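Worksheet: the structure to be examined is printed underneath.
Protein chains in written order, with the working numbering: chain G, 1 to 94; chain H, 1001 to 1201.
The following block contains the structure:
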């Protein structure tokens, strides 16, 4: 798995290098944006297919939803509390 | 909001086709999604590389701005770890991988699906979409009770794009740069932190 992760990150860094090299060309940026959207659509479509054919997920969709909601509440509360301290200690103008 | 609806509709379309087994078996196996992920990562990289404005923002700012994305990272990870105690089927590390999406639902869910499981991928997709939707709805409330960084913290990686308008509206224009900076840092870190957590969980 580690090699897969390294491959993915290396591909992203390669893209960043190419992006820096191409520079601020609005046309290219627009095309890249559209292609990015389409590859996201494709991946989520594939994820949908995977989930649809996976009986274990389909039979547990309600509990999966509840788990997602509980995790979101945790992430949000944690972030908000940390941000509150950062704000009062470093950003608030006295 | 519109973007997440479009993405959800693609997911639902795939879901329906999968449920009805409407597609040929070779497509249903879904082994080539890793190549789609490679393509996406390459494009995300180019997107980051070409965006000169964001590099400029990063160079302009005072160092204490770094504390903002740091708060989001620390807060999200501690928060999800804490609530994972309530969830019997999700362990500590799995919860952290979901939390490390920081609202970037498309990329984090796909990475988690590839490197862990479809179940956790779906949880990450839903959780991070819920995060964006709640940010869009509740930022005025959050800002009132948790200070002016609250919308940025709640939005996470989306503070640079989809949730930025609402953040600027309720925290003020001077927070726009902080929102963009924090959003960029978190967006770049999602594909690094999520796989790392999955590797060591």
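Backbone N, C-alpha and C fix where the C-beta goes; we use that ideal spot for every residue, glycine too.
Here the structure is a predicted model, which is why all the values come from computation and not from measurement.
- Exposure label - residue 1083(H); buried when at least 16 CB within 10 Å: Indexing the second chain from 1 puts residue 1083(H) at position 83. So residue 1083(H) counts as buried.
- Task: Could you tell me whether the Cβ atoms of residue 1012(H) and residue 15(G) are closer together than 9 Å?
- Result: As a first step, residue 1012(H) must be located in the second chain, where it is residue number 12. As a first step, residue 15(G) must be located in the first chain, where it is residue number 15. No, Cβ-Cβ distance for residue 1012(H) and residue 15(G) is not below 9 Å.
- According to DSSP, is residue 1088(H) helix, strand or coil? Here residue 1088(H) is taken as the residue at index 88 of the second chain, counted from 1. Per DSSP, reduced to three states, the secondary structure at residue 1088(H) is coil, with no helix or strand assignment.
- Could you check which residue in 1157(H), 1107(H), 1175(H), 1176(H) has the C-alpha nearest to that of residue 12(G)? Indexing the first chain from 1 puts residue 12(G) at position 12. If we check each option's Cα against that of residue 12(G), 1107(H) comes out closest.
- Neighbour-count burial assignment, residue 88(G), 16 or more Cβ in a 10 Å radius: Residue mapping note: residue 88(G) aligns to position 88 of the first chain, counting from 1. In summary, residue 88(G) is exposed, with fewer than 16 beta-carbon neighbours lying within 10 Å of its beta-carbon over all protein chains present.
- Message: Between 1050(H), 1171(H), 1159(H), 1153(H), which has its C-alpha nearest residue 156(G)'s C-alpha?
- Response: Examination of residue 156(G) is not possible in this model, given that chain G is present from 1 through 94 alone.
- Task: Determine which residues of the region 5-29 of chain G have a Cβ less than 8 Å from any Cβ of chain H, and write them out in chain order.
- Result: 5, 7, 8, 9, 11, 12, 13, 14, 15, 16, 17, 18, 19, 20, 21, 22, 23, 24, 25, 28, 29
- Query: Does DSSP classify residue 87(G) as helix, strand or coil?
  - Reply: For the purposes of this step, residue 87(G) is taken as residue 87 along the first chain, with counting starting at 1. Helix, per DSSP.
- Query: For residue 1110(H), which option in 32(G), 49(G), 3(G) has the closest C-alpha, if you only look at C-alpha atoms?
  - Reply: Start at 1 with the first residue of the second chain, and residue 1110(H) comes out as number 110. Of the listed residues, the one whose Cα sits closest to residue 1110(H) is 49(G).
- Message: Using the three-state DSSP reduction, which class does residue 1062(H) fall into: helix, strand or coil?
- Response: What you label residue 1062(H) is simply residue 62 of the second chain in a count that begins at 1. Here DSSP, grouped into helix, strand and coil, assigns residue 1062(H) to coil.
- Message: I'd like to know if residue 1037(H) contacts chain G, where contact means its C-beta is closer than 9 Å to some C-beta of that chain.
- Response: Start at 1 with the first residue of the second chain, and residue 1037(H) comes out as number 37. With 9 Å as the cut-off, residue 1037(H) counts as an interface residue toward chain G.
- Assuming residue 1122(H) contacts residue 73(G) (C-beta within less than 8 Å), just tell me the rounded distance between them. By one-based count along the second chain, residue 1122(H) stands at place 122. By one-based count along the first chain, residue 73(G) stands at place 73. The Cβ separation is near 18 Å, so there is no contact.
- Within 10 angstroms of its Cβ, does residue 1088(H) collect 16 or more other Cβ (buried), or is it exposed? The sequence position of residue 1088(H) within the second chain is 88, counting from 1. Exposed is the call here.
- Message: Cβ closer than 8 Å: which chain G residues qualify as neighbours of residue 1040(H)?
- Response: Counting from 1 along the second chain, the entry for residue 1040(H) is found at position 40. Under the 8 Å cutoff, chain G gives 36, 39, 40, 43.
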